[in-house]
Amino acid sequence: MRTELVSEPGLADRPNEDFASVALPASGQGGSLVVLDGVTPPRGETGCLHSVPWFTARLGGALTELTVSLADAPLSDVLSRAIARTSAAHAGTCDLSHPRTPQATVVLARWSPVQVEYLVLSDSALLVEAPDGTVTAVLDDRLARLPRSALATDALVDAGYRNKDGGFFTAAADPAVAARAVTGALPREEVRTLMALTDGAARWVETFREGDWADCLALVREQGARALVDRVRERERVDAAGAPEFLGRGKTHDDATVVYAELRADP
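According to our numbering, the stretch in the sequence shown is residues 1032 to 1298, in order.
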């Protein structure tokens, strides 16, 4: 099995709000990957004493442990338990009902000798490659489907769309949000490779249109995850106006994370 992980902050003088891990249990019978993209809040009150990296480290750590220790639990249950555990860590000091309480997008994948399970919540991406080379992008596109007018101001988003029916969902303080995630499972023999990307790395496809998802996975296989992040950074530098602007998060450089897991060797 080949695995690779690269995570780089958008700016060297700011902490990386992403989280990524790969777990390979000692049994050697499977594994899991976790990728979170912490949501950068606008300036102002969030109701929380803690930073986004504090939150993603704790939620990501809980997910890494629980995807392995609760191997028989559905990934939606794993996410629900991890959110509950993280919320309990700061419920006594913070207002977890605030719409800007620390939160993150989520990609989970777990494989056993029998199947590959996946979960995607909000705008990070999971690529699934079949043995014949076909690449399918598993996406939660609710944010992308909202009209631009819905995202005009932070206040409008918070009041009507963030973690609300008709809007979009992130992992914040409510364990029930796990039921909103895009989930599924495939027979293990139908999956050759998995690759998870935060939106900062997915810009290569979604913003700069340098290739499609299959091209993106092929680039990482052939040149490594670092090559994808480097190409995104190059495009950002020459085309600062190309950065997406959702929810007040328009950034020339965004945190970029790639996790690649090759479950089956080349034929």
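Glycine included, every Cβ here is placed at the ideal spot set by N, Cα and C.
Beta carbon of residue i, beta carbon of residue j: below 7 Å?
i	j	result
Pro1046	Pro1084	yes
Ala1209	Ser1118	no
Asp1286	Gly1198	no
Ala1135	Ala1202	yes
His1129	Thr1077	yes
Val1151	Val1138	yes
Pro1206	Ala1115	yes
Gly1069	Glu1048	yes
Val1065	Thr1034	no
Leu1174	Asp1154	yes
Ala1256	Val1289	yes
Ala1113	Leu1090	yes
Leu1067	Phe1050	yes
Ser1107	Thr1184	no
Val1269	Trp1235	no
Arg1295	Arg1223	yes
His1284	Glu1267	yes
Nearest CA to the CA of residue i: which residue from the options?
i	options	result
Ser1143	Arg1219, Ala1245, Val1208 and Trp1244	Arg1219
Ala1122	Leu1158, Leu1157, His1081 and Thr1098	His1081
Ala1249	Tyr1291, Ala1186 and Leu1139	Tyr1291
Lys1282	Leu1042, Arg1116, Ser1128 and Val1066	Leu1042
Ala1140	Phe1239, Trp1235, Glu1265 and Ala1054	Ala1054
Ala1271	Thr1238, Ala1245 and Val1289	Thr1238
Leu1225	Thr1071, Glu1265, Asn1194 and Trp1244	Trp1244
Cys1247	Glu1160, Leu1174, Thr1095 and Ala1190	Glu1160
Pro1133	Glu1221, Leu1217, Ala1212 and Ala1088	Ala1088
Arg1131	Ala1258, Arg1193 and Ala1227	Arg1193
Val1260	Ala1233, Arg1240 and Leu1294	Ala1233
Gln1060	Gly1164, Val1099 and Leu1217	Val1099
Leu1228	Leu1158, Arg1264 and Arg1295	Leu1158
Glu1293	Ser1107, Arg1240, Glu1221 and Leu1110	Glu1221
Gly1062	Leu1101, Gly1075 and Cys1079	Leu1101
The alpha helix (DSSP H) spanning residue i covers which residue range?
i	result
Val1263	Ala1256 to Val1269
Glu1096	Val1083 to Ser1100
Asp1108	Leu1106 to His1121
Give the DSSP bridge partners of residue i, in chain order.
i	result
Gln1146	Pro1218
Thr1136	Asp1068
Ala1043	Bridge partners of Ala1043: none, in fact.
Glu1160	Val1166 and Thr1224
Leu1152	Val1137
Ser1063	Ala1054 and Arg1141
Along the beta strand (DSSP E) that carries residue i, what are the first and last residues, could you check?
i	result
Thr1288	Ala1287 to Glu1293
Asp1049	Asp1049 to Ala1054
Thr1034	Arg1033 to Glu1039
Does the CB of residue i have a neighbour CB from chain B at under 7 Å?
i	result
Val1065	The chain labelled as chain B is not found in the depicted structure, where only one protein chain is given.
Item to check | Whole alpha helix (DSSP H) elements within the segment 1164–1235, 4-residue minimum | outcome: 1173–1176 and 1185–1191
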